[in-house]
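Some notes on the structure that comes next.
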Amino acid sequence: MIGILIAQIVVSAVLASIFLIRPSVTTGAAWKILAFIGLCVLPALCIVGGMNTHMQRSEQRRFCVSCHAMVPYGQSLYVDDPTHLPAQHFQNHRVPPDMACFACHADYTIYGPLKDKMRGLTRIYMQYVSSPPNPIRIEGGYKNHQCLHCHAGARSFEENPVHSAIMDSLTSEQMSCLTSGCHDTAHDVANLNHAKFWKATQ
Amino acid sequence: MKLSAIGIQRFLRVSSALMIAGLLLEIVSLLWFHPLSFVLFAFVAAALIGLGIVVYLVSLVFVVTPPAGNRN
């Protein structure tokens with residue numbers, strides 16, 4: 001897919017270079033049409049294709065951990081501990097492994113991807129211009145609706161007597177899945193040095 | 203100075219130069235797998251390409267080529 005986009009960009013650049021070297025060719029009707037395609041239609045499609053590719057790429061785990069501050073969070077997915085929530089989701093493929101970060105941290109609302117991108121840009125600013133917070137915290141805390149996006153309606157979740165007893169508190173965000181003492185080990189990057197790691201078999 | 207006096211060829215040259223620079227930077231951003239590559243794409247490459255499109259469209263609107271019969 002990225003190959004097709006790069007080929008499209010190269011074609012656009014070749015057409016643009018023709019009009020850069022010899023703009024006088026646009027006197028003919030056919031060249032006028034070609035100029036419109038080469039200097040307006042194709043470049044606009046290149047912007048749309050580039051944006052789409054970058055948005056899809058930013059959903060990949062590899063993209064998230066390519067940022068220095070996120071490396072320990074990526075390592076924490078390999079912790080060999082059944083109580084370690086993100087590691088268990090990742091290792092047991094409860095989330096797509098190559099999109100593990102996005103699956104649990106995406107804002108599943110209509111403008112969610114845009115808000116996520118804006119938050120990402122804020123973090124890039126903190127990384128390169130100001131200084132990143134230590135430890136890194138999610139603005140407003142981790143919301144239950146991100147867990148319930150997948151777990152709500154799932155038989156094993158709904159039929160669990162603990163969950164069914166507090167379902168209203170969970171859906172109204174009065175009680176947090178993570179900080180109410182039930183599933184409280186998430187990433188725990190401060191203790192990674194003492195953790196035992198799982199090695200995936202290829 | 204009126205825009206129509208600048209001439210369509212100069213507009214086309216400027217538009218093409220902006221476009222080529224933006225497209226080359228877009229290729230770099232696509233081959234570079236890093237969060238900064240999105241910044242490069244969105245704030246530099248797409249901006250240059252967009253500006254190139256605007257310059258081209260301005261040339262279509264403001265630069266009036268006289269009809270063949272009126273040329274001396």
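These protein sequence lines are chains A and B, in that order. Residue 3 in this note's numbering sits at position 3 of the first sequence; the count goes up by one each step and never skips. For any residue, its number in this note's numbering is found by taking its place in the second sequence, counting from 1, and adding 202. In this text, a Cβ means the ideal position worked out from N, Cα and C, and glycines have one as well.
| Asked | Found |
| --- | --- |
| Distance CB(A/Y142)-CB(A/C177) smaller than 9 Å | yes |
| Of the residues B/H236, B/I229, B/I210, the one placed nearest B/I251, counting alpha carbons only | B/I229 |
| Cβ-based burial, A/M118 [other Cβ within 10 Å; buried from 16] | exposed |
| B/V216 and B/V263 closer than 9 Å at C-beta | no |
| B/P276 classed as buried or exposed, judged by whether at least 16 other C-beta atoms fall within 10 angstroms | Nothing can be reported for residue 276 of chain B, as the shown portion of chain B is limited to 203 through 274. |
| Interface partners of B/F240 on chain A, CB under 7 Å | H54, S58 |
| From A/D81, A/Y111, A/I124, residue whose alpha carbon lies closest to that of A/K199 | A/D81 |
| Beta-bridge pairing of A/M36 - partner residues as DSSP gives them | Residue identity differs from the one stated: residue 36 of chain A is Phe in this sequence, not Met. Its beta-bridge partners do not exist; DSSP assigns none. |
| Cβ of B/F235 within 9 Å of any chain C Cβ | The chain inventory of the structure shown lacks chain C, comprising the protein chains A and B. |
| Beta-bridge pairing of B/V216 - partner residues as DSSP gives them | In DSSP, B/V216 forms no bridge with anything. |
| Run of the alpha helix (DSSP H) containing A/S131, from where it starts to where it stops | Here A/S131 belongs to no alpha helix (DSSP H), and DSSP marks it neither H nor E. |
| Test: B/F243 CB closer than 9 Å to a CB of chain A | yes |
| Assumed close pair A/C64, A/G50 - CB separation to whole angstroms, cut-off 8 Å | Between A/G50 and A/C64 the Cβ distance is about 20 Å, and since that is not below 8 Å, they are no contact. |
| Contact set between A/T26 and chain B, taken where Cβ atoms lie within less than 9 Å | I210, Q211, L214 |
| Boundaries of the alpha helix (DSSP H) in which A/E158 is found, first to last residue | 155-158 |
| Buried or exposed (CB count within 10 angstroms, at least 16 for buried), A/G3 | exposed |
| Local Cβ density within 10 Å of A/H187, reported as buried at 16 or more and exposed below that | buried |
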